[in-house]
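Report on one structure; see the data block that follows.
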Amino acid sequence: MPLDGAARRAFEAVLDPQDVLSDPVRCRVYECDGLTGHRVVPELVLLPRTAEQVAAAVRVCAEHEVPFVARGAGTGLSGGALPVADGVVIGLNRLNRILEVDPVDRRAVVEPGVTNLDVTRAVAQYGLYYAPDPSSQQVCTIGGNVAENSGGAHCLKYGFTTNHVLAVEVVLPDGSTVTLGSDTGEQQGPDLRGLFLGSEGTLGIVTKVTVRLLRTPETVRTLLADFPSVAAAGEVVSDVVAAGIVPAAVEMMDALAIEAAEEAVHAGYTIGTPAALVVELDGPAEECGSTFEQVRRICEAHGCTRLHIAGSAEERAAIWRGRKAAFAAVGRISPDYFVQDGVVPRTRLAETLDRIAAMSRSAGLRVANVFHAGDGNLHPLVLYDGAAGETARAEELTSAIAELCVEMGGSLSGEHGIGTDKACSMPKMFSRDDLAVMARVRDAWDPQGICNPGKVLPTPRLCGEPGKYRPHPLEEAGVIERL
Amino acid sequence: MLHPTDLKELRDAVLDSSGTLGIAGAGTAADWAGPLGPVDAVLDTTGLAGIVVHNPGDMTVAVRAGTPLRQLQEELAPHHQRVSLDAARVAEGATVGGLVATGDAGPCGLAFGSMRDLVIGVTLVLADGTVARSGGHVIKNVAGYDLAKLLHGSYGTLAVIAEVVLRLHPVPEREATLAVSCSLTEAAELARAVLAGPHEAVALEWLGTTPDAGTLLVRLNGTAAAMDARLDRLRPVLPGAVDGDDRWAEHAAIVRGGPGDAVLRIGVRPSKLPGVLTALPARAITAGLGTGIATVVLDAQDVAAAHETVAAAGGTSVLRRRPAGASVSAWGPPPSALKVLRAVKQSLDPAGRLGPGRFDPWM
Numbered sequence: 001m002p003l004d005g006a007a008r009r010a011f012e013a014v015l016d017p018q019d020v021l022s023d024p025v026r027c028r029v030y031e032c033d034g035l036t037g038h039r040v041v042p043e044l045v046l047l048p049r050t051a052e053q054v055a056a057a058v059r060v061c062a063e064h065e066v067p068f069v070a071r072g073a074g075t076g077l078s079g080g081a082l083p084v085a086d087g088v089v090i091g092l093n094r095l096n097r098i099l100e101v102d103p104v105d106r107r108a109v110v111e112p113g114v115t116n117l118d119v120t121r122a123v124a125q126y127g128l129y130y131a132p133d134p135s136s137q138q139v140c141t142i143g144g145n146v147a148e149n150s151g152g153a154h155c156l157k158y159g160f161t162t163n164h165v166l167a168v169e170v171v172l173p174d175g176s177t178v179t180l181g182s183d184t185g186e187q188q189g190p191d192l193r194g195l196f197l198g199s200e201g202t203l204g205i206v207t208k209v210t211v212r213l214l215r216t217p218e219t220v221r222t223l224l225a226d227f228p229s230v231a232a233a234g235e236v237v238s239d240v241v242a243a244g245i246v247p248a249a250v251e252m253m254d255a256l257a258i259e260a261a262e263e264a265v266h267a268g269y270t271i272g273t274p275a276a277l278v279v280e281l282d283g284p285a286e287e288c289g290s291t292f293e294q295v296r297r298i299c300e301a302h303g304c305t306r307l308h309i310a311g312s313a314e315e316r317a318a319i320w321r322g323r324k325a326a327f328a329a330v331g332r333i334s335p336d337y338f339v340q341d342g343v344v345p346r347t348r349l350a351e352t353l354d355r356i357a358a359m360s361r362s363a364g365l366r367v368a369n370v371f372h373a374g375d376g377n378l379h380p381l382v383l384y385d386g387a388a389g390e391t392a393r394a395e396e397l398t399s400a401i402a403e404l405c406v407e408m409g410g411s412l413s414g415e416h417g418i419g420t421d422k423a424c425s426m427p428k429m430f431s432r433d434d435l436a437v438m439a440r441v442r443d444a445w446d447p448q449g450i451c452n453p454g455k456v457l458p459t460p461r462l463c464g465e466p467g468k469y470r471p472h473p474l475e476e477a478g479v480i481e482r483l
Numbered sequence: 001m002l003h004p005t006d007l008k009e010l011r012d013a014v015l016d017s018s019g020t021l022g023i024a025g026a027g028t029a030a031d032w033a034g035p036l037g038p039v040d041a042v043l044d045t046t047g048l049a050g051i052v053v054h055n056p057g058d059m060t061v062a063v064r065a066g067t068p069l070r071q072l073q074e075e076l077a078p079h080h081q082r083v084s085l086d087a088a089r090v091a092e093g094a095t096v097g098g099l100v101a102t103g104d105a106g107p108c109g110l111a112f113g114s115m116r117d118l119v120i121g122v123t124l125v126l127a128d129g130t131v132a133r134s135g136g137h138v139i140k141n142v143a144g145y146d147l148a149k150l151l152h153g154s155y156g157t158l159a160v161i162a163e164v165v166l167r168l169h170p171v172p173e174r175e176a177t178l179a180v181s182c183s184l185t186e187a188a189e190l191a192r193a194v195l196a197g198p199h200e201a202v203a204l205e206w207l208g209t210t211p212d213a214g215t216l217l218v219r220l221n222g223t224a225a226a227m228d229a230r231l232d233r234l235r236p237v238l239p240g241a242v243d244g245d246d247r248w249a250e251h252a253a254i255v256r257g258g259p260g261d262a263v264l265r266i267g268v269r270p271s272k273l274p275g276v277l278t279a280l281p282a283r284a285i286t287a288g289l290g291t292g293i294a295t296v297v298l299d300a301q302d303v304a305a306a307h308e309t310v311a312a313a314g315g316t317s318v319l320r321r322r323p324a325g326a327s328v329s330a331w332g333p334p335p336s337a338l339k340v341l342r343a344v345k346q347s348l349d350p351a352g353r354l355g356p357g358r359f360d361p362w363m
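Sequence order for the protein chains is A and B.
Residues in the first sequence are numbered from 1 upward in steps of one, following the UniProt record's numbering.
Residues in the second sequence are numbered from 1 upward in steps of one, following the UniProt record's numbering.
This is the structure:
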């Protein structure tokens, strides 16, 4: 049902009228996030300037039963910020103040519209940093990171957003404001902060975030190593882990991803090598040096064909520039691409990549692989040409890869979220009862069903009626049982 | 007493019983939080024991909830892996499910967090017999709601935990602790210096019977090759420090308390900790100077005022030992999110079957 006049007037009464956008041309800016294949122009876009205005706007939504979608920078890759028809988008970019930096207790309190990197910039003078580092960290916001429980290249050692957020102030779907978590992260009773983090904007809107800061490591050592095969590079990762080493980051790229990245940013990667590994260690100088030497020996034992050790901060930055450029760089070798985000147990990486290669051949589409090898989080890039009518085939391949990850005992998503993109794949990973319990939890927070509806959990409207039950792969393997 | 030994028996036990249910593991935290009210049956989880699957190469383990963590650690040890949790009651046989349900953590929480940071998947049984899972067997996973978080600290009031999947860490080649005699205030200064340096302490705890005199313990984890050099670099920051590897038992003893003691776990901003602790009539203290989490041993009649003192400092508090027979308030002023908690409880356990009394008087 389209927004009625009373609701519009109510929004204009609680916000400055110029902060309520209704012109379809201006609203079109908000029609999608990083998942650009899905677009919905919202009825209204609200741009509050304070947490109180966010709460007031949500109260109007609750009174008039208007669905709302919170949005940060719109860099999400799963359609979590896709607007809802006949609903409003609440843009949080204007809540962008750093409210407090406490170098003694190593924390900062920020509004949701502050970008990830700006938190680190604000605290670097104290020798501190904010650990989660998604590739989009220059533009993505902390509010979006909270919604998605964002990871990044360094989460193998340092964990995810949920491990670095002590408290959040949240506007609930009824417009009231609560604090989840505390100054220490301790929660009296169930860990509601932990449930909220990663709930993809379906349980409320975050208006204030208290983050934990870490001391910048004394030593950081980074190497880039080429290997004759993806399997050889994978064995290096296994051996490093088996040696009891927890690297700060382990990233892998295949030939196609290397080619694209190198042509885009000239970071010193070897074009033509079948696989490259980036391994980074950090910590106290005494320890980091000897452990790094151990990693170097493991690389050599697995037939490393070239080993480049960053000799300066600039060289280290170049290695990371190549890795982080990979997504955008494939645009140079393909008119269009989809990014996947599945996770597999690290020990099944090689097998999974073989399967993806076979699926790529039979679909007749190229797949470039860039991934967080340390934690098994794949980012296959499915390359296609929409103008040549390849879109549907590419979408099918993309979903098939995500579902392959579940079959391998992994997950549909490591860090990009379920959003709109993978909601219909959720029954591959979770049983009807699993999803029903999640829905009950959601209803407890949002009984009206107005808070980012249609995301995360599959709905008949979005996905059709559920088909006949098929056993979960882990069930077939005897790891889990269904009663 | 219901004593299921597998998931099916657990579900049937929940379905076949009616009325209120208490959930008991090893019983090491039975006197924590609010007292369990009169219940029609107690569900003993200790029969749900053992590893379901351990994947050493992936550093994950799925384990039944009634497994004592101590026993799990013994089975992981030959693989040089561990669950990075050193809560005091682990030594007394605390179960994995119980440690999650009580939100417990020990000194190395400074580096590794609490159970919430280590659990990557959960299987639960609701009061209506519904069996559900969330998370999975991989450490990086954002698919669906993280229901394990919801059960962390739920004290058996929302669901029965049947199985958990944990992420593991390598056992460090060497652990070493330095100990310094100092007051709590001096310890706070020393802790600040340690944290400002490159030492990467995994635990930073002061303990004592009065704020004026006690001991600061600083623990490092690392490779055998580098440890001596790291300790050499740490010593000048901690003048007079001696080897303190054997001092952690004293710490655990304070955390556990003794007969007649009331024990309160509190959390405030680390820099506020000395002030808050000095204001409490504590008979013994452990203070996590990096985390802001402390344990105080009190007389039962001082607990209510202690809750208020901590709340006034913006902190959190929960009772971690109730003297037998004493009426002691388990919780302080209710958090702002209480209505969410009540709504979740209403949604998952509408008949109020599970764990009555544990959050008294909040819900």
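Beta carbons: idealized from backbone N, C-alpha and C, even for Gly.
* To do: Give a yes or no on whether 8 Å exceeds the smallest Cβ distance from PHE292(A) to chain B.
  => For PHE292(A), no Cβ of chain B is located within less than 8 Å of the residue's own Cβ.
* To do: Evaluate the contact criterion for the segment 366–384 of chain A versus the segment 410–419 of chain A: three or more CB pairs, one atom per stretch, below 8 Å.
  => yes
* 8 Å Cβ cutoff met for GLY322(A) and VAL265(A) -> yes
* Asked: Given a threshold of 16 other Cβ atoms within 10 Å of its Cβ, counted over all protein chains shown, does THR45(B) qualify as buried or as exposed?
  -> It is buried - the Cβ of THR45(B) has at least 16 other Cβ atoms within 10 Å.
* To do: Jot down the residue ranges of each uninterrupted beta strand (DSSP E) in the segment 74–152 of chain B, minimum 3 residues, whole runs only, in chain order.
  => 119–125, 131–135
* What residue range is occupied by the uninterrupted alpha helix (DSSP H) comprising ASN55(B)? -> It is not in any alpha helix (DSSP H) - ASN55(B) instead sits in the beta strand (DSSP E) that spans 51–55.
* Could you pull the start and end residues of the alpha helix (DSSP H) that TRP206(B) belongs to? => It is not in any alpha helix (DSSP H) - TRP206(B) instead sits in the beta strand (DSSP E) that spans 203–210.
* **GLN346(B): contacting residues in chain A (beta-carbon distance under 9 Å)** => ALA444
* Ends of the alpha helix (DSSP H) at ALA242(A)? -> 230–242
* **Within 8 Å, strictly: CB atoms of VAL69(A) and GLY175(A)** => no
* Beta-carbon proximity of LEU92(A) to GLY143(A), cut-off 8 Å -> yes
* Asked: Can VAL255(B) and GLY315(B) be called in contact, C-beta distance under 8 Å?
  -> no
* Asked: Per DSSP, THR179(A) is paired with what?
  -> Partner(s): GLU169(A).
* Asked: Out of ASP228(B), PRO236(B), ILE266(B), which has the shortest C-alpha to C-alpha gap to VAL296(B)?
  -> ILE266(B)
* Taking the CB atoms as reference points, tell me whether TYR337(A) and VAL211(A) lie closer together than 8 Å. => no
* When you compare each of GLY283(A), PRO274(A), THR207(A) to HIS199(B) by their alpha carbons, which one comes out closest? -> GLY283(A)
* To do: Please confirm whether residue 372(B) and ASP245(B) have their CB atoms less than 8 Å apart.
  => This structure cannot speak to residue 372(B), because chain B is shown only from 1 to 363.
* Buried or exposed for LEU15(B), please, with buried defined as at least 16 other CB atoms from any protein chain shown within 10 angstroms of its CB. => exposed
* Other residues of its chain near ASP261(B): CB distance less than 7 Å, five sequence neighbours each side excluded -> VAL297, ARG321, PRO323
* Asked: Does any C-beta atom of chain A lie closer than 8 Å to the C-beta of ALA225(B)?
  -> yes
* Residues within the segment 153–167 of chain B neighbouring chain A, beta-carbon criterion of under 9 Å -> GLY153, SER154, TYR155, THR157, LEU158, ALA159, GLU163
* Asked: How many angstroms separate the CA atom of LEU151(B) from the CA atom of GLY240(B)?
  -> 44 Å
* Asked: Going by DSSP, what residues sit across from CYS451(A) in a beta bridge?
  -> PHE68(A)
* Go ahead and pull the three-state DSSP assignment for MET59(B). => coil
* **C-alpha distance - HIS79(B) paired with PRO56(B), whole-angstrom precision** => 7 Å
* **Beta carbon proximity, THR316(B) to chain A, threshold 8 Å** => yes
* Asked: If you draw a straight line from the C-alpha of GLU407(A) to the C-alpha of PHE430(A), how long is it?
  -> 12 Å
* Going along chain B in order, which residues have a C-beta closer than 7 Å to the C-beta of GLN188(A)? -> Result: THR316, VAL318, TRP331, PRO335.
* Asked: If you follow the alpha helix (DSSP H) that CYS288(A) is part of, which residue opens it and which one closes it?
  -> 285–301
* Exposed unless 16 or more other CB atoms sit within 10 angstroms - verdict on ARG64(B) -> Taking all protein chains shown into account, ARG64(B) has 16 or more neighbouring C-beta atoms within 10 Å of its C-beta and is therefore buried.
* Segment contact, 8 Å Cβ cut-off, at least three pairs: the segment 138–158 of chain B with the segment 194–209 of chain A -> yes
* Cβ of CYS424(A) less than 8 Å from any chain B Cβ? -> no
* Asked: Of the choices GLU390(A), MET426(A), GLU415(A), THR347(A), whose alpha-carbon is the least far from that of GLU403(A)?
  -> MET426(A)
* Quick one: grab the DSSP three-state call for CYS182(B). => strand
* To do: Using the Cα positions of THR95(B) and PRO356(B), report the straight-line distance between them to the nearest angstrom.
  => 21 Å
* Asked: Within this structure, are the beta carbons of ALA127(B) and ARG89(B) separated by less than 8 Å?
  -> no
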